[in-house]
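Undergrad: Once you've had a glance at the structure underneath, I'll fire off some questions.
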Amino acid sequence: METTVYFVRHGETAENAGGVVQGQTDVPLNENGLVQARLVGERLKNEPFDVILSSDLQRAAITARSIANGREIIYTPRLREWGLGHWQGKNIKLIQEIYPEEHHLYKTGSPDFLPEGGESRREFYERAIRFLEDTAEKYAGKKILCVTHGGFLRNIILHIAGPEVCGAVPPCVGNTSISCIRKGEGDWQIVFWNDMEHLERSIESDGV
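Okay, so the sequence shown: first residue is 35 according to the numbering used here, each after it adds one.
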């Protein structure tokens with residue numbers, strides 16, 4: 035029995051564009067993010083998902099609704115971005131200046147990095163992997179869509195590919211990128227990762 039999970043990162047926000055740390059701050063999509071959500075929705079709206087799950091933060095929820103095309107969405111805080119406490123709402127350059135020790139722990143991938151009022155990297159990683167395994171067990175043999183956040187997705191690829199492939203801090207994934215993993219009798223396998231063809235086609239079309 036094979037279980038397939040598609041992941042979509044939410045569309046762009048003003049904070050993404052401005053280098054501001056969002057964490058679990060509930061911010062909307064910007065104009066570009068709404069276009070991205072429409073494009074990924076057009077690409078996936080007819081995909082036969084058995085269940086659609088989304089972070090309950092609005093940037094993910096709006097993206098999920100663009101894909102669902104009227105289908106039921108289950109919203110869950112378990113798919114939320116990393117809770118980054120007092121980093122949230124601050125520009126990353128300012129964070130480097132006022133919290134240099136914390137920023138060093140973050141950049142070096144320390145599992146014990148813990149911003150005040152937030153969750154540690156270890157806690158966040160464990161939350162993401164528990165969600166993945168719980169979801170795969172609950173919907174075994176199904177085709178699942180999860181709309182989530184960049185940090186959450188980095189935990190997933192780190193779990194599957196390992197630190198020797200990903201490095202201390204796994205790579206970013208693009209806004210509205212699509213990724214897919216699959217599990218049969220063995221371990222999780224990456225089918226594809228960070229696919230943004232729907233955005234690339236739009237750019238090509240605009241350039242004609």
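From the three backbone atoms N, C-alpha and C, an ideal C-beta is built for every residue, glycine too.
1) For K176, I'd like the list of residues in its chain whose CB is within less than 7 Å of its CB, leaving aside the five on either flank, ordered along the chain.
2) From E46 to G220, what distance separates their C-alpha atoms?
3) Would you report the Cα separation of H232 and L73, rounded to the nearest angstrom?
4) Going by DSSP in three states, N50 sits in which element: helix, strand or coil?
5) Residues in its own chain within less than 6 Å of C214 by CB, not counting five upstream and five downstream?
6) Could you tell me whether the Cβ atoms of V55 and I126 are closer together than 8 Å?
7) In the DSSP output, what is R43 paired with across the bridge?
8) If the criterion is Cβ atoms closer than 8 Å, does the pair I194 and A162 meet it?
9) Determine the direct distance from the alpha carbon of E150 to that of G119, and round the result to whole angstroms.
10) I96 by DSSP, collapsed to three states: which one?
11) If we ignore side chains and look at the alpha-carbon of each, how far apart do F186 and P205 end up?
12) Is it true that the CB of A94 sits closer than 8 Å to the CB of S100?
13) When the Cα atoms are used, what is the spatial distance from L128 to R77?
14) I think L179 touches V42, with their Cβ atoms under 8 Å apart; what is that distance to the nearest whole Å?
15) Do G123 and T210 have their C-beta atoms within less than 8 Å of each other?
16) With DSSP as the reference, label N228 as helix, strand or coil.
17) Less than 8 Å between the beta carbons of N228 and G196, yes or no?
18) How is N248 classed by DSSP in three states: helix, strand or coil?
19) In chain order, what residues of the same chain have a beta carbon less than 8 Å from the beta carbon of L146, not counting five sequence neighbours either side?
20) Only counting runs of 3 or more residues, tell me where the beta strand (DSSP E) segments fall wholly within the segment 135 to 182, in order along the chain.
TA: Quick answer:
1) Closer than 7 Å at the Cβ level, and outside the excluded window around K176, lie T37, D84 and V85.
2) If I take the Cα positions, the gap works out to 35 Å.
3) Going from the Cα of H232 to the Cα of L73 covers about 6 Å.
4) Residue state, collapsed to three classes: helix.
5) Closer than 6 Å at the Cβ level, and outside the excluded window around C214, lie Y40, V225 and F226.
6) It is a contact, given that the beta carbons lie within the stated cut-off.
7) According to DSSP, which records beta bridges pairwise, R43 is partnered with T182.
8) Contact flag unset, no.
9) Roughly 5 Å separates the two Cα atoms.
10) In this structure, I96 counts as helix in the three-state DSSP scheme.
11) When rounded, the distance between both Cα atoms is 12 Å.
12) For S100 and A94, no; Cβs fall outside 8 Å.
13) Taking the Cα positions, L128 is about 38 Å away from R77.
14) Yes, they are in contact, since the Cβ atoms of L179 and V42 sit about 7 Å apart, within 8 Å.
15) No.
16) Here N228 sits in strand by DSSP.
17) It is not a contact, given that the beta carbons lie outside the stated cut-off.
18) The requested residue 248 does not occur in the structure, where the chain is confined to residues 35 to 242.
19) Before going further, note that residue 146 is Asp rather than Leu in the sequence given. Cβ neighbours of D146 beyond the five flanking positions: L139, S154, R155 and R156.
20) Complete beta strand (DSSP E) runs here, min 3: 177 to 182.
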